[in-house]
Amino acid sequence: NVDKLELTKPLKTRSSRAAFMAVFIRGEGGGGPAPPPDAQPSESETAMWEEVNQVLMEAQVILEDLQTYRGAGEEIRQAIQNPNVECVQEKAWSAVVPLVAKLKTFYEFTQKLESSLQCLLKVLTSSGSTPTQHLESKQALARQFAHILHFTLRFDELKMTNPAIQNDFSYYRRTISRMRINNLSSDSGNEVNNELANRMSLFYATATPMLKTLSDATSKFVSDNTQVPIENTTDCLSTMACVCKVMLETPEYRSRFTSEETVLFCLRVMVGVIILYDHVHPAGAFVKTSNIDMKGCIRVLKEQPPSSVEGLLNALRYTTKHLNDETTSKQIKMLLQ
């Protein structure tokens with residue numbers, strides 16, 4: 001477990017501090033830029049780094065698409081109010097079909113994200129090195145892991161504040177169902193089949209769908225790789241949570257953040273690793289013996305402007321597994337009320 005002392009020791013741990021700075025502070029922004037000079041992948045890591053980098057570049061495009069997703073609310077309202085006016089129905093359908101194609105792309109991207117996460121976990125939890133040593137020696141990959149978490153939290157923040165997504169998809173499903181009953185062709189060329197539509201419905205009905213996907217993928221990684229001690233995974237996650245917390249609460253580090261987006265990057269990564277830890281560790285993140293200082297992490301979140309962190313606090317409230325356990329202190333529960 002990394003504590004504040006380890007991060008602020010002089011001389012001896014200067015390389016550790018440089019590693020943390022490279023992974024977290026230089027990790028600002030979205031996806032896919034080349035790593036800084038001190039976070040280059042080694043020769044053996046290059047193939048994986050390039051593969052994950054492609055996924056991160058796609059993630060950035062998805063965030064941009066989601067950010068500009070406006071929905072077909074008005075067209076759908078008109079169609080519901082004028083059920084017998086053919087041109088109004090056609091207009092709504094024409095508006096919804098390309099939007100559902102986007103939603104399908106977002107959903108299908110989760111498989112690539114899962115695969116990238118599990119590849120990175122395999123490297124970052126391998127035996128023979130401590131989590132801190134992995135962060136130092138595999139900076140480029142640790143940085144990509146942080147980028148995946150940043151994307152995940154950002155995606156869920158945007159999705160949570162956009163009711164048009166579920167409204168559009170519900171309308172699409174109702175219309176397709178009606179067309180099938182009346183033996184009409186949808187002519188959309190890329191109709192979402194029933195099985196996929198069911199899976200997409202479950203995905204978008206979840207408050208934080210990407211986080212749930214990553215939590216499930218991390219749990220699956222642990223259960224599929226029984227030869228890797230579970231502590232390797234939980235120690236890696238708790239170390240990253242602690243690094244983020246210390247970065248955010250220590251003026252020496254905080255002063256080096258170049259923008260508000262860097263602060264948000266760090267906050268999202270911190271919340272992401274806490275949630276993954278809570279799903280993977282048998283006792284969770286909130287128990288007294290947890291390697292994560294949950295009170296400290298929540299305090300850091302609450303010190304930020306409320307509008308910036310409400311989505312992150314909601315993620316802790318609704319996507320964690322052990323918050324409501326009896327072993328969670330009343331103080332922590334009250335902090336998250």
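Residue 130 in full-length UniProt numbering sits at position 130 of the sequence shown; the count goes up by one each step and never skips.
We treat Cβ as the ideally placed atom computed from N, Cα and C, and that holds for glycine.
Same chain, Cβ closer than 6 Å to residue i, neighbours up to 5 away in sequence not counted
| i | result |
| --- | --- |
| Val52 | Ser116 and Gln144 |
| Asp235 | Pro131 |
| Val228 | Thr125 |
| Glu6 | In this prediction, Glu6 scores a pLDDT of 42, lower than 50, which makes its location untrustworthy; the coordinate-derived value is nonetheless stated afterwards. If we look at Glu6 and ignore the five residues flanking it on each side, it has no Cβ neighbours. |
Residue i to residue j span [Cα, whole Å]
| i | j | result |
| --- | --- | --- |
| Gln54 | Gln81 | 44 Å |
| Lys330 | Asn167 | 37 Å |
| Ile76 | Arg154 | 27 Å |
| Ala34 | Ala140 | Because the pLDDT of Ala34 is 47, which lies under 50, any placement of that residue in the model is unreliable, and the question is left without a value. |
| Glu108 | His147 | 19 Å |
| Asp293 | Gly73 | 43 Å |
| Asp65 | Leu211 | 19 Å |
| Thr175 | Arg70 | 20 Å |
| Gln337 | Ala47 | 45 Å |
| Tyr277 | Asn194 | 34 Å |
| Lys159 | Glu90 | 27 Å |
Residues of its chain near residue i, where Cβ-Cβ distance is below 8 Å and the 5 sequence neighbours each way are ignored
| i | result |
| --- | --- |
| Tyr318 | Ala207 and Thr208 |
| Val96 | Ala72, Glu75, Ile76, Asp168, Tyr171, Tyr172 and Thr175 |
Residue range of the unbroken alpha helix (DSSP H) whose run includes residue i
| i | result |
| --- | --- |
| Arg77 | Gly73 to Gln81 |
| Phe265 | Glu260 to Val280 |
| Leu56 | Thr46 to Gln67 |
| Thr213 | Pro209 to Asp224 |
| Glu252 | Pro251 to Arg254 |
| Phe257 | Here Phe257 belongs to no alpha helix (DSSP H), and DSSP marks it neither H nor E. |
| Thr105 | Glu86 to Leu124 |
Heavy atom of the ligand ZN within 6 Å of residue i beta-carbon
| i | result |
| --- | --- |
| Phe257 | Here there are no bound small molecules, and the ligand ZN is not part of this structure. |
Same chain only: Cβ atoms within 7 Å of residue i, ignoring 5 sequence neighbours per side
| i | result |
| --- | --- |
| Val271 | Leu153, Leu312, Ala315 and Leu316 |
| Arg299 | none |
Cβ of residue i within 7 Å of any chain D Cβ
| i | result |
| --- | --- |
| Ser223 | Given the protein chain composition of this structure (a single chain), no chain D is represented. |
Runs of alpha helix (DSSP H) lying entirely within the segment 160 to 204, each at least 4 residues, in chain order: 164 to 181
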